[in-house]
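Participant:
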């Protein structure tokens, strides 16, 4: 059996008219048996009636236009969104797959294309340029020839000729030469 303390919240809801009919019957049954709770109910009902009377005499307050726009926008968005959860998930996955495919295509274009040869420098006028900072290389034509070499041997030869002085061979060139010499000596010893 419920105590008076257990009925306090239900009594307040009944006094304000917010209690559902089934619970109202139970609370009204308790009020018919308990004079203390009946007095509490009468007090709250008088207070609620005073609030309703005061509320009727208050001037109507208009909502700010920004609130109206915000609520209208949310209602429109809620009405437009007919996507179910699955459609959103599938759409997000499709975007991810499309992004991965685009990235793969870009990587394929960059890494799998044929290597380009440097542009011809024949249209570049022959002029001296002391700002290059390269010892012995002062023309754009010479720099282009240097950049277009395809092997370390050609680079070493070009450096020796164009630089007007002897340069030490590169380590790659020396390694290649030592391999060739060992192959030749192996071939001779096998004869």
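Numbering (the working numbering), first residue to last: 98 to 288.
Positions of the beta carbon are idealized from the N, C-alpha and C atoms, including for glycine.
Computed from a predicted model, the values in this text were never measured in an experiment.
Quick check on the burial criterion: 16 or more other C-beta atoms within 10 angstroms. Buried or exposed for residue 168?
Facilitator: On the chain shown, position 71 is the one that residue 168 refers to. It counts as exposed.
Participant: Could you say if the region 119 to 134 and the region 144 to 158 meet the contact criterion of at least three C-beta pairs nearer than 8 Å?
Facilitator: With a cut-off of 8 Å, the region 144 to 158 and the region 119 to 134 do not count as touching, because too few Cβ pairs lie within range.
Participant: Is residue 114 helix, strand or coil when you go by DSSP?
Facilitator: Here residue 114 refers to the residue found at position 17 of the chain shown. Coil.
Participant: Cα separation between residue 223 and residue 276?
Facilitator: Looking up residue 223 in the chain shown gives position 126. Looking up residue 276 in the chain shown gives position 179. Note on residue 223: pLDDT 41, under 50, position unreliable in the model; no value is reported.
Participant: Give the DSSP-derived three-state secondary structure of residue 166 in the structure shown.
Facilitator: Here residue 166 is taken as the residue at index 69 of the chain shown, counted from 1. Correct three-state label for residue 166: helix.
Participant: Measuring straight from C-alpha to C-alpha, what distance separates residue 218 and residue 200?
Facilitator: Taking the chain shown and counting its residues from 1, the one referred to as residue 218 is at position 121. Taking the chain shown and counting its residues from 1, the one referred to as residue 200 is at position 103. The predicted model places residue 218 with a pLDDT of 47, which falls under 50 and marks its position as unreliable, so this point remains unresolved.
Participant: Measuring CB to CB, does residue 104 end up less than 7 Å from residue 134?
Facilitator: By one-based count along the chain shown, residue 104 stands at place 7. By one-based count along the chain shown, residue 134 stands at place 37. In this structure, residue 134 lies closer than 7 Å to residue 104 by Cβ.
Participant: Rounded to the nearest angstrom, what separates residue 128 and residue 140 at their Cα positions?
Facilitator: Start at 1 with the first residue of the chain shown, and residue 128 comes out as number 31. Start at 1 with the first residue of the chain shown, and residue 140 comes out as number 43. Going by the C-alpha atoms only, they are around 13 Å apart.
Participant: Starting from residue 210, trace the alpha helix (DSSP H) both ways and give me its first and last residue.
Facilitator: Locating residue 210 in the chain shown gives position 113, counting from the first residue. Unbroken run through residue 210: none, as it is neither H nor E.
Participant: When the Cα atoms are used, what is the spatial distance from residue 171 to residue 165?
Facilitator: Translated into the one-based positions of the chain shown, residue 171 becomes position 74. Translated into the one-based positions of the chain shown, residue 165 becomes position 68. The alpha-carbon atoms of residue 171 and residue 165 are separated by roughly 10 Å.
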